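Everything below concerns the one structure shown next.
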Amino acid sequence: MIRLFANANYDFIKWRRWAYGLTAAIIIPGFALFLVHGLNYSIEFTGGTLIQVQTTQPVGTDRLRAALDAAGIRDAEIKQFGTPTDYVVTARLGTGGVTAEGSTQATAAAVDSALARGVGAGQYAIVRTEAVGPKVGRELQGKAFLAIFFSFIVTLIYLAFRFEWRFGLAAVLATFHDILTTIAFIRYLDLEVSLVVVGAVLTMVGYSLNDTIIIFDRVRENLRKYRRQNLYEILNLSINETLPRSVLTHGTTMATTLALVLLAGEVLRPFALVMTFAIFTGTFSSIYIAAPLLMYIEKRWPGQDARGARAFRPTGAVPLDAPRPPSPPAPGGSRSKAAV
Amino acid sequence: MFYTVRSRLITIGIVLALSIWALIPTNTTQRVRDAATGRMKDTTIRRVPINLGLDLQGGIHLALEVDQSKGPVPDAAEAIRRAERVVRTRIDEFGVTEPVVQVVGNNRLIVELAGEKDPARAKSVIQRTAYLEFRITDMKNLFRDALPEVDKALRQAGIKPAGQAAAAASVTQLFGADAGAGKGRRAKGKPAAKDTSDVNAPGALSSLLFQGQLPGEYLVPEEQVPVAESLLARPDVRRLMPRGIELEWGNEVSSRAARSYRALYAVEDRPIITGEELQDARATRDPLTNQSVVNFVLSRRGGRIFERETGRHVQDYMAIILDGRVQGQPPIIKGQIGQHGQIELGAKPLQEAQDLALVLKAGALPAPLTIIEERTIGPSLGKDSITDGIHAGIVGVALVILIMVVYYRWSGALAVSALTLYVLFTLAGLAAFGFTLTLPGLAGLVLSVGIAVDANVLIFERIREELQHGKLVRTAVDEGFTHAMSAIIDSNVSTALTAFILYLVGTGPVQGFAITLIIGIAASMVTAIFVVRTFYMIWLERRPDMATLSV
Chain B
18 MIRLFANANY DFIKWRRWAY GLTAAIIIPG FALFLVHGLN YSIEFTGGTL IQVQTTQPVG
78 TDRLRAALDA AGIRDAEIKQ FGTPTDYVVT ARLGTGGVTA EGSTQATAAA VDSALARGVG
138 AGQYAIVRTE AVGPKVGREL QGKAFLAIFF SFIVTLIYLA FRFEWRFGLA AVLATFHDIL
198 TTIAFIRYLD LEVSLVVVGA VLTMVGYSLN DTIIIFDRVR ENLRKYRRQN LYEILNLSIN
258 ETLPRSVLTH GTTMATTLAL VLLAGEVLRP FALVMTFAIF TGTFSSIYIA APLLMYIEKR
318 WPGQDARGAR AFRPTGAVPL DAPRPPSPPA PGGSRSKAAV
Chain A
1177 MFYTVRSRLI TIGIVLALSI WALIPTNTTQ RVRDAATGRM KDTTIRRVPI NLGLDLQGGI
1237 HLALEVDQSK GPVPDAAEAI RRAERVVRTR IDEFGVTEPV VQVVGNNRLI VELAGEKDPA
1297 RAKSVIQRTA YLEFRITDMK NLFRDALPEV DKALRQAGIK PAGQAAAAAS VTQLFGADAG
1357 AGKGRRAKGK PAAKDTSDVN APGALSSLLF QGQLPGEYLV PEEQVPVAES LLARPDVRRL
1417 MPRGIELEWG NEVSSRAARS YRALYAVEDR PIITGEELQD ARATRDPLTN QSVVNFVLSR
1477 RGGRIFERET GRHVQDYMAI ILDGRVQGQP PIIKGQIGQH GQIELGAKPL QEAQDLALVL
1537 KAGALPAPLT IIEERTIGPS LGKDSITDGI HAGIVGVALV ILIMVVYYRW SGALAVSALT
1597 LYVLFTLAGL AAFGFTLTLP GLAGLVLSVG IAVDANVLIF ERIREELQHG KLVRTAVDEG
1657 FTHAMSAIID SNVSTALTAF ILYLVGTGPV QGFAITLIIG IAASMVTAIF VVRTFYMIWL
1717 ERRPDMATLS V
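For the record, the sequence lines run as chains B and A.
Here this note's numbering is used: the first residue of the first sequence is 18, the next is one more, and so on.
Here this note's numbering is used: the first residue of the second sequence is 1177, the next is one more, and so on.
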């Protein structure tokens, strides 16, 4: 029988400061970039025109660029899309001076005729056209933020109902952290933010919450089981107990997202990349953000049994019913971190 | 209820049977444009009844709004409903299987034409101004009287009647009985309005037509409509059409005795009035008679024309034609009508009256539509996406199976077999509720396979823990399921809530993704908890003395 991390006994919470540093090192530069450059929004959000062309021979972006320049279509972005015979031409609204509804379709027609002259009719086929007016784009931006906001509210209510509000708040804050790291990740890789990527971010929200809830569920159970342990120990115990599950589930999910990254084609790649990153950040935040946050929240606003107040004073006591020693972390290690 | 293995197996069997039944390929009639002749024809294809999104099968997606740039339109919400009515009438011009025409919000119209390749044509058909006209039906049955000549001409052209009725009559036809039958009918003269006998004389065209309830109304079996259309379009047939009479198809399909028919109307070629003269139309319910009525108002000029025309046509039937389609059954003209008219729909629901009022107004107040979003996806791109998605799916699922079986051995194998049920249930759920599978949905499906085993992982880890505590196999399995339950439910419900919000806020493909995720979560709860539990029960029943569990 293979058992990974069975009866593990790592003091996860002890390393929380290092974890904060690591995550800040990811988020802060990413956010600085985000504030300076913004995100690479797809035309769904900005409005504009996208044309995907399949050529019979690999023509190269330069030749396409020359064809479009000859027709006076400047400011259009030309990218190879997967194979050397697939290209995507994107003209966003606002950059090329087109702003009116309907002009996006005119752009699509202009690109077609420019290609017919520059590349030659019959040498290419337009396989996808998207023309989005400015109004639709503006609406979508608002909707994307609303979706994330409402998912937070609903989750908070659900968790407050199933656990208690302290758990809900910690879980939602940890998920908010995941959104920040994901935005930084998207910025680093300069991924195009399409509606599908927003969908990936929301799925990530669900996945990360899922992971946090699995650990919190164990915390809830262990709080009932081991009456004498403080929260610090209970959190460590719960994370260690759920570790084999985490490894397995993240392994299977990773297998599918990696298969999507490598095989599912260019359209889905940003989605799959974001989901792959989500597995890392979701796991990380469940352990290093959600759990310590729960500890701070309990310390600040102690719950019923007021154990949160004792969160940083390890007792080393053996539980009364002791079905199995919970193996508390080394007292010395945690005491040194006691002053928060 | 589910305490015995037997009852559990029966439940699984029923769900399995339902899922397979939902996925059995069915015959779907598809109207496609014949490349050679350019006209519509029906083909029957056999396919698994899962709707594919435009991004997977190719097609055109258009979002339209009422154009307010040249001055505000007073009631945009009503204008968009009129536009919807008009586009619905025209939808047959596209050769697509399941066209979507949908009002979103209160001023937006979404049109989706799967398989359509020419966006320019689609846009021109949709944005064309609506044309409404009132025409008197063929009261003298001129068209019916011309049928024998038409049949004769078709026979000379070597066209044989289609269908069984015609085959049986082919002998009499050879002996020229056709002409005699024609004479006999002509002798009968103007028949009563309620003549329901068919004009089923053996002839290529007449064998397709059945006399309707009113003069000039004919019913054509739905499957024969393309044949009738192609016959009527022939130049030799057109030459023989009686002067002053045109044929227009009805917009509705009626069914009688398990067959569906489309109405074909012979109407005068000159309208008594057109939509230009219409000013307003309103649907109400007459408080005294409790009948649905549509009141309409004409312009002054229109009122004068209408008064003269209706005076000449009392007791005649008046077809209401929008964009070349007769809307509903033509009403009878009861007396002279001036500027204000009323169409009585009798006991029909108010909804139908409102619909008719929209038709009248569509002709009166054409709403200029502007396209705010257009997406065209070529069919080859869709096919590539499906192939890539399936490849990724196979590799992903294979890896999941490998991990589960290597790590949990026999228990892992149970989870994997439950996983096949999971995929089946999810696809069946998509098919049964008529949801659309999109490209992100496909990704969601692949992803959900990885997440679906999470419930089993939780349960197995719990069982291992219980076994480690020295519990007996049977107790360990029981407690493993019980203790893992709260985590499984809480985590799945919170994911489903996020997916539900995604569905509410998202559009098109993203909604497809959310739906796939929600169905996937439901299916995974059923398979991971119920099905795997049942497998365990069978296993433990067969080996009651089992000391170690392969988990």
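Positions of the beta carbon are idealized from the N, C-alpha and C atoms, including for glycine.
Since the structure is predicted, the reported quantities are computational estimates derived from the model, not experimental observations.
- Cβ-Cβ distances below 6 Å link Leu-1725 (chain A) to Val-1649 in the same chain, with the five nearest sequence neighbours on each side left out; the list follows chain order.
- Taking the CA atoms as reference points, Phe-193 (chain B) sits about 10 Å from Leu-226 (chain B).
- In the structure shown, the three-state DSSP call for Phe-1482 (chain A) is helix.
- Residues of the stretch 1412-1428 of chain A with a C-beta atom less than 9 Å from some C-beta of chain B do not occur.
- Per DSSP, reduced to three states, the secondary structure at Leu-21 (chain B) is coil, with no helix or strand assignment.
- Of B:Glu-283, B:Gln-69, B:Asp-228, B:Val-236, the smallest CA-CA separation from Leu-132 (chain B) is found for B:Gln-69.
- With contacts defined as CB atoms closer than 8 Å, Gly-1504 (chain A) and Gln-1467 (chain A) fail to qualify as a contacting pair.
- Per DSSP, Trp-1586 (chain A) lies in no beta strand (DSSP E); the unbroken alpha helix (DSSP H) holding it starts and ends at 1555-1608.
- In the structure shown, Ser-1667 (chain A) falls within a helical segment according to DSSP collapsed to helix, strand and coil.
- According to DSSP, Asn-1471 (chain A) shares a beta bridge with A:Arg-1458, A:Gln-1518.
- In chain order, Asp-1666 make up the part of chain A whose C-beta sits under 7 Å from the C-beta of Arg-179 (chain B).
- Sequence-ordered contacts of the stretch 1641-1663 of chain A with chain B read His-1645, Ser-1662, Ala-1663 [C-beta pairs closer than 7 Å].
- The residue among A:Pro-1616, A:Glu-1309, A:Ile-1267, A:Thr-1313 with its C-alpha nearest the C-alpha of Ser-1300 (chain A) is A:Ile-1267.
- Using a Cβ-Cβ distance cut-off of 8 Å, the stretch 1602-1615 of chain A and the stretch 1226-1242 of chain A are in contact, since at least three pairs of beta carbons, one from each stretch, lie closer than that value.
- The three-state reading of DSSP puts Leu-1381 (chain A) in coil, since its state is none of H, G, I, E or B.
- Contact annotation, Asp-1456 (chain A) with Val-1473 (chain A): C-beta distance approximately 5 Å; criterion of less than 8 Å satisfied.
- Secondary-structure assignment with DSSP links Pro-1397 (chain A) through a beta bridge to A:Tyr-1437.
- Checking the DSSP bridge columns, you'll see Lys-96 (chain B) partnered with B:Val-105.
- The shortest C-alpha to C-alpha distance from Asn-57 (chain B) to any of B:Gln-74, B:Ala-177, B:Asn-26, B:Ile-203 is the one to B:Ile-203.
- At least 8 Å separates the CB of His-1516 (chain A) from every CB of chain B.
- Taking C-alpha positions only, Lys-1246 (chain A) is separated from Leu-1532 (chain A) by approximately 28 Å.
- Listed along the chain, the chain B residues whose CB falls inside 8 Å of the CB of Asp-1560 (chain A) are Gly-282.
- For Asn-1227 (chain A), the beta-bridge partners assigned by DSSP are A:Thr-1612.
- Taken in chain order, the unbroken stretches of alpha helix (DSSP H) that lie wholly in the stretch 204-254 of chain B and span 4 residues or more are 212-242.
- Look at the beta carbons and you see the stretch 28-35 of chain B touching the stretch 294-311 of chain B: at least three pairs across the two are nearer than 8 Å.
- Secondary structure of Tyr-1179 (chain A) (DSSP, three-state): coil.
- What Ser-168 (chain B) touches in chain A, judged by beta-carbon distance under 8 Å, is Leu-1673, Thr-1674, Ile-1677, Leu-1678, going in chain order.
- By the rule that beta-carbons nearer than 8 Å mark a contact, Phe-22 (chain B) does not touch chain A.
- Across the structure, Leu-1526 (chain A) and Leu-1454 (chain A) are spaced so that their CA atoms are roughly 21 Å apart.
- In the DSSP assignment, Thr-78 (chain B) falls within the unbroken alpha helix (DSSP H) covering 78-87.
- DSSP places Thr-63 (chain B) within a helical segment (H, G or I) once states are collapsed to three.
- Listed in chain order, the non-local C-beta contacts of Met-221 (chain B) below 7 Å within the same chain comprise Asp-195, Thr-199, Val-291, Met-292, Ala-295, Gly-299, local neighbours out to five positions each way being set aside.
- The beta carbon of Ser-1670 (chain A) sits closer than 8 Å to some beta carbon of chain B.
- In the DSSP annotation of this structure, the continuous segment of the alpha helix (DSSP H) that includes Trp-35 (chain B) starts and ends at 33-54.
- The beta carbon of Ala-36 (chain B) sits closer than 6 Å to the beta carbons of Tyr-305 from its chain, once the five residues preceding and following it are set aside; these are given in chain order.
- Closer than 8 Å to the CB of Pro-1391 (chain A) there is not a single CB belonging to chain B.
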